[in-house]
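The letter at position 89 of the sequence shown is residue 92 when you use this note's numbering, and the numbering goes up by one with no holes.
Built from N, CA and C at the ideal position, the CB exists for glycine as well.
Note that the structure is predicted; figures quoted are calculated from it, not measured.
Report on the structure given below.
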Amino acid sequence: MGLLGERRASRRHRRRRSGPRARQAAGRRRRHDHRRTRHPAAASGRPDRRGRGADRGAARGRRALAAARRDGRALRVPPRPRAGRACQRRARRRLRRLPQLRLQDRRLGRAARPARGGGGRHTGDRPAVWPPPGDALMAPSTFAAIDVGTTKICTVVAELASAHEIRILGVGVGPSQGLNRGMVDNIHAAMEAIASSVERAERASGTRILSAHVGIKGPHVSSMNSRGIVAIADPRQPITGGDVGRALESARIVNIPNNREVLHVIPRFYVVDGQDHVAVARGMFGSRLDVETHIVTAGSSAIHNLLRCVEGAGVQVDSLILDSLASTQAAVNPEELEHGVAVIDIGGGATDLAVYVHGAV
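Listed below in structure tokens is the structure:
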């Protein structure tokens, strides 16, 4: 190679060492050497995403490491947080997928349920609420009832001591919220109020309430009389409970609007082959069975709102009972019903009236 070739090679070499790529490579080498000397944790080759506070963070880490060595204890170095918009988006997605704790899970001390489908029913153990509402589950002879009123909500836990005796185990009374004239107008507030009353009853009785009978009232409740008729398959055989049930189902088929539902079908008296006012039709003989009933209906929206509040508080609804009928069973004896009686239930936001004649409503 002559003198001219050597000069050209030298110029090309100088251009390589001073070009933009060479400057970028030199900067990368300098930063790498700086991380190896200032931040030993970065020597693994991972990119440094600490930002402007890296020097201060490294200084704090060195001071903590020196203090740990002085005290003779091991220092657990947590992983470095990752920054950037992509990492923030991933964090938000993880937060949305976290299990959401519902009101009934919090009250019963159950595990949180996944926010989206695809996972198991329970995602882990959670500590029970404190103080614990009750350690024992409800026995088969134990039942609960919830009276949802406008001014207060009362929950009662009782057990059947005998065929005609009920023993109260615990009572929980709390202020009512989210209800007006016996109807729900704020689902979340009513749910919290019902859960508070149930928790008080659980603490008083030492049992955990899983299901209850719920009282219902309000101006949306109405009633009517209806008649059901069925034919007896074999007149030579006595009337059975199945025949009575078919007669009641026949009376239940009434023409009501689509926005109403049947709450109760109450038999008033039976008619067996023209014999009127039969109190008990089972065991009698006949070819035709009629039943006079009193049907209680309520607004569908009011029923579903109440069910949503009670079930949202962690209690399954065994049945809905009209408050005036429940008050009659508690306050009036059979002799008074035979003579005729009017039962008035005066509440904080609604007043119910039930009239009985000859033991029938």
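Ser253 is a Cβ neighbour of Val233, given a cutoff of 8 Å. When Cβ pairs closer than 8 Å are counted between the two stretches, the stretch 175-191 is seen not to touch the stretch 271-290, the count staying below three. Counting the other Cβ atoms within 10 Å of the Cβ of Met186 gives 16 or more, which makes it buried. For Thr296, the closest of Ala316, Val265, Pro178 and Val335 by C-alpha to C-alpha distance is Val265. Membership of Ala316 in any alpha helix (DSSP H) is not indicated, and neither H nor E is assigned to it by DSSP. Of the other Cβ atoms in all chains shown, fewer than 16 fall within 10 Å of the Cβ of Met227; this residue is therefore exposed. Pairwise C-beta distances place the stretch 335-346 in contact with the stretch 354-363, as three or more of them are shorter than 8 Å. Assigned with DSSP and collapsed to three states, Ser144 falls in coil, not helix or strand. Looking at Thr158, Leu172 and Cys157, the one whose alpha-carbon comes closest to that of Ala164 is Leu172. Here the alpha carbon of Leu292 sits roughly 18 Å from the alpha carbon of Ala363. Around the beta carbon of Leu213, fewer than 16 other beta carbons lie within 10 angstroms, which makes this residue exposed. Nearest to Ser322 by C-alpha distance, out of Thr331, Gly315, Gln332 and Leu310, is Leu310. Secondary-structure assignment with DSSP links Pro178 through a beta bridge to Lys155. In the three-state DSSP reduction, Ala250 falls in the helix class (H, G or I). Rounded to whole angstroms, the gap between the alpha carbons of Ile235 and Asp276 is 10 Å.
Listed in chain order, the non-local C-beta contacts of Ser229 below 6 Å within the same chain comprise Ala254, Val257, Thr296 and Ile298, local neighbours out to five positions each way being set aside.
For Pro337, the enclosing alpha helix (DSSP H) covers residues Pro337 to His342.
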